[in-house]
Amino acid sequence: MKSDFPVVKEKAILVRAIGRWSLAALMINIVIGSGIFGLPSKVASLTGSQSPLVFLIAAAGIAVIAGCFAELASRFSESGGPYLYVRAAFGRFAGIQTGWLNGLSRVAATAASANLFVAYLAEFWPEVEHRFAAVFTMTALICLLAALNICGVSMGTRTSNLLAVSKLVPLIVFILLGSVFISTRGTPVFIGHESHPTHDWLNAMLLAIVAYVGFEGGLIPAGETKNPQRDAPIAILIALATCTPIYVLVQFVCVQTLSDLQTQRPLIAAAHIFGATPLVVLMGIGVLLSVVGFLAAGMIAGPRVLFALAEQKDFPRRFAAIHSRYGTPYISIVSFSALVWILALIGNFTWNSRLMAVSRLVTYALSCAALPALRRKSTEQPKFRLPAGELLSMIGIAFCAVLISRIGQGELLILALTLFIGALNWLIVSRRQSRNSEPVRIGSTVVA
Numbered sequence: 000m001k002s003d004f005p006v007v008k009e010k011a012i013l014v015r016a017i018g019r020w021s022l023a024a025l026m027i028n029i030v031i032g033s034g035i036f037g038l039p040s041k042v043a044s045l046t047g048s049q050s051p052l053v054f055l056i057a058a059a060g061i062a063v064i065a066g067c068f069a070e071l072a073s074r075f076s077e078s079g080g081p082y083l084y085v086r087a088a089f090g091r092f093a094g095i096q097t098g099w100l101n102g103l104s105r106v107a108a109t110a111a112s113a114n115l116f117v118a119y120l121a122e123f124w125p126e127v128e129h130r131f132a133a134v135f136t137m138t139a140l141i142c143l144l145a146a147l148n149i150c151g152v153s154m155g156t157r158t159s160n161l162l163a164v165s166k167l168v169p170l171i172v173f174i175l176l177g178s179v180f181i182s183t184r185g186t187p188v189f190i191g192h193e194s195h196p197t198h199d200w201l202n203a204m205l206l207a208i209v210a211y212v213g214f215e216g217g218l219i220p221a222g223e224t225k226n227p228q229r230d231a232p233i234a235i236l237i238a239l240a241t242c243t244p245i246y247v248l249v250q251f252v253c254v255q256t257l258s259d260l261q262t263q264r265p266l267i268a269a270a271h272i273f274g275a276t277p278l279v280v281l282m283g284i285g286v287l288l289s290v291v292g293f294l295a296a297g298m299i300a301g302p303r304v305l306f307a308l309a310e311q312k313d314f315p316r317r318f319a320a321i322h323s324r325y326g327t328p329y330i331s332i333v334s335f336s337a338l339v340w341i342l343a344l345i346g347n348f349t350w351n352s353r354l355m356a357v358s359r360l361v362t363y364a365l366s367c368a369a370l371p372a373l374r375r376k377s378t379e380q381p382k383f384r385l386p387a388g389e390l391l392s393m394i395g396i397a398f399c400a401v402l403i404s405r406i407g408q409g410e411l412l413i414l415a416l417t418l419f420i421g422a423l424n425w426l427i428v429s430r431r432q433s434r435n436s437e438p439v440r441i442g443s444t445v446v447a
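Written out as structure tokens, the structure reads:
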């Protein structure tokens, strides 16, 4: 009987099944995670009625970084995302470091979502807060999503698409009912005239930025996208154009309705004020769907980081193994899922979120720096060329640097440890392969 688990081929072939709209839905799923349900009250407590403006400014900052990613993505058809871009621009050592940071970010973010799912599920099933029930729930959820992705990227993206639509519905209903409620109370104050210290604005901006990060996760499985060089820039635009108005309008409704800006569940608290019990239930379900949607999207993007490292021979070759029946990187999926499970059990939402934030910012800065470097190295024009790209890449780097400068010592220690492990990884693979790893190409141009 033939085994479904083949010997790794020299060059694995992934199934290209992700279309433009599936790619956009994947990005939306990753961006609209838990932040939209927890950040409004925190941002409003710092900047009051001006907080919707904070989300607009944050969107502008992320748009600069996203523009850099759009050009970078249009140069490549392989899986890898930031790891591939930085490796092509600055060489193998920088690429491996970026791969480790990106992998850490994906694992921690997905684990944090598993923690958050259990916390919100307790609103409907209090017993899940007990340790055994929590472990069982997280294990079942992670295993289910891993199995769906092993059975095919089409199955994984269909799950991601369904959850993207289902979690947008309660948010749109919340905005509509909130707008009606606000209109019955008289003329709302759109942008107040109160004064807030600069440090409050900066802290609010940092919080709002967290809600937008993650769009680049949809670029990692480029090897399974039908036409990544054409579809990736458009998918980024669709994702940001969808998320930004939702964030701003949700923030506006919360500011206009909530008197207690310290609540941990601002959307549910606002729904209580509307007096609509079904909406409260809908919002609770919406939170759970949002978190599961984030998990589903993360389980697509995360394993492809490991696959991309192995495909470029910067990681053990077994991680590049493709399932003979389903055409998916099954060893990378299983390994990523196991790491998510471990971090979900040993950590909590806050701890895992900090791990995600510190590593994500560095990969953003390195990716922005890769844009001008690749323009100089490559003789071919990208499918999408960012206007004033080199200037915008510098702005993106500065933007990330400001955020990184506000990271605590604990996060910096974890970052340093990850970079140290990445350096050891580089030393090991360099000695084993004697610098004979496959070069990275942009079209026909060898750049690393």
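Just so we're aligned, residue 0 is where the sequence shown starts under numbering that gives the first Met the number 0, counting upward by one. Beta carbons are placed, not taken as given, at the ideal position from N, Cα and C, and that holds for glycine. It should be emphasised that the depicted structure is a prediction, and the values quoted were computed from it without experimental measurement.
Exercise. Exposed or buried, what is phenylalanine 135 when buried is set at 16 or more other beta-carbons lying within 10 Å of its beta-carbon?
Worked result: The residue you call residue 135 lines up with position 136 of the sequence shown. For phenylalanine 135, the number of other beta carbons within 10 angstroms of its own is below 16, and it is reported as exposed.
Problem set entry | Start-end ranges of the alpha helix (DSSP H) lying completely within the stretch 60–128, minimum 4 residues | Fully enclosed alpha helix (DSSP H) runs of 4 or longer: 81–89, 91–120.
Problem set entry | As assigned by DSSP and simplified to three states, the class of threonine 183 | Taking the sequence shown and counting its residues from 1, one reaches residue 183 at position 184. Collapsing the DSSP output to three states places threonine 183 in coil.
Exercise. Taking C-beta to C-beta, are serine 48 and valine 291 nearer than 8 Å?
Worked result: Here residue 48 is taken as the residue at index 49 of the sequence shown, counted from 1. Here residue 291 is taken as the residue at index 292 of the sequence shown, counted from 1. In this structure, valine 291 does not lie closer than 8 Å to serine 48 by Cβ.
Exercise. Does DSSP classify tyrosine 325 as helix, strand or coil?
Worked result: Start at 1 with the first residue of the sequence shown, and residue 325 comes out as number 326. Assigned with DSSP and collapsed to three states, tyrosine 325 falls in coil, not helix or strand.
For this session: Could you tell me if tryptophan 425 is buried or exposed, where buried requires 16 or more neighbouring beta carbons within 10 angstroms of its beta carbon?
Result: Residue numbering aside, residue 425 sits at position 426 when the sequence shown is read from its first letter. Within 10 angstroms of the beta-carbon of tryptophan 425 lie 16 or more other beta-carbons, which makes it buried.
Problem set entry | Helix, strand or coil at lysine 382 [DSSP, three-state] | Mapped onto the sequence shown, residue 382 falls at position 383. The three-state reading of DSSP puts lysine 382 in coil, since its state is none of H, G, I, E or B.
Problem set entry | Chain-order list of residues whose beta-carbon lies under 6 Å from that of alanine 23 (same chain, five-residue window excluded) | What you label residue 23 is simply residue 24 of the sequence shown in a count that begins at 1. Scanning its chain for C-beta atoms nearer than 6 Å, with the 5 sequence neighbours on each side dropped, one finds around alanine 23 the residues Ala234, Ile237, Ala238, in chain order.
For this session: Go through its chain and collect everything with a Cβ distance to isoleucine 481's Cβ below 7 Å, but skip five positions before and after it.
Result: Because the chain is modelled from 0 through 447, residue 481 falls outside the range shown and cannot be assessed.
Problem set entry | Reference phenylalanine 36; option with closest CA among Gly285, Ala107, Phe214, Trp350 | Here the question's residue 36 lines up with position 37 in the sequence shown. The residue from Gly285, Ala107, Phe214, Trp350 with its alpha-carbon nearest to that of phenylalanine 36 is Gly285.
Problem set entry | Residue ranges of each alpha helix (DSSP H) within the stretch 348–423, 4 or longer | Along the stretch 348–423, the alpha helix (DSSP H) occurs as fully enclosed runs of 4 or more residues at 348–376, 388–403, listed in sequence order.
Exercise. Measuring CA to CA, which of Leu385, Glu215, Ala368, Pro315 is closest to valine 30?
Worked result: For this step, residue 30 is matched to residue 31 along the sequence shown. If we check each option's Cα against that of valine 30, Glu215 comes out closest.
Exercise. In the structure shown, what three-state DSSP assignment does valine 7 receive?
Worked result: Here residue 7 refers to the residue found at position 8 when the sequence shown is read from its first residue. Note that valine 7 scores 39 on pLDDT, short of 50, meaning its location in the model is unreliable; the coordinates nonetheless yield the value given after this. Coil.
For this session: Would you be able to state if there are at least three C-beta pairs under 8 Å between the stretch 84–100 and the stretch 358–367?
Result: Judged by pairs of C-beta atoms under 8 Å, the stretch 358–367 touches the stretch 84–100, as three or more such pairs exist.
Exercise. So the alpha helix (DSSP H) arginine 303 belongs to, where does it begin and stop?
Worked result: On the sequence shown, position 304 is the one that residue 303 refers to. For arginine 303, the enclosing alpha helix (DSSP H) has its first and last residue at 276–310.
For this session: Could you round the C-beta distance between alanine 43 and tyrosine 211 to whole angstroms and report it? I think they count as a contact, below 8 Å.
Result: Numbered from its first residue, the sequence shown carries residue 43 at position 44. Numbered from its first residue, the sequence shown carries residue 211 at position 212. Actually they do not touch by this definition, with Cβ atoms about 17 Å apart.
For this session: Could you say which of Ala231, Val304, Leu294 lies nearest to phenylalanine 75 if we only look at CA atoms?
Result: Within the sequence shown, residue 75 is the residue found at index 76, counting from 1. Of Ala231, Val304, Leu294, the residue nearest in Cα terms is Ala231.
Exercise. By how many angstroms is the C-alpha of tryptophan 99 removed from the C-alpha of tyrosine 325?
Worked result: Here residue 325 refers to the residue found at position 326 when the sequence shown is read from its first residue. Here residue 99 refers to the residue found at position 100 when the sequence shown is read from its first residue. Straight-line Cα distance between these residues: approximately 27 Å.
For this session: Could you tell me the distance, in whole angstroms, from the CA atom of glutamine 311 to the CA atom of asparagine 114?
Result: On the sequence shown, position 312 is the one that residue 311 refers to. On the sequence shown, position 115 is the one that residue 114 refers to. Rounded to whole angstroms, glutamine 311 to asparagine 114 spans 33 Å at the Cα level.
Exercise. Does DSSP classify serine 429 as helix, strand or coil?
Worked result: The residue labelled residue 429 in the question sits at position 430 within the sequence shown. Here serine 429 sits in helix by DSSP.
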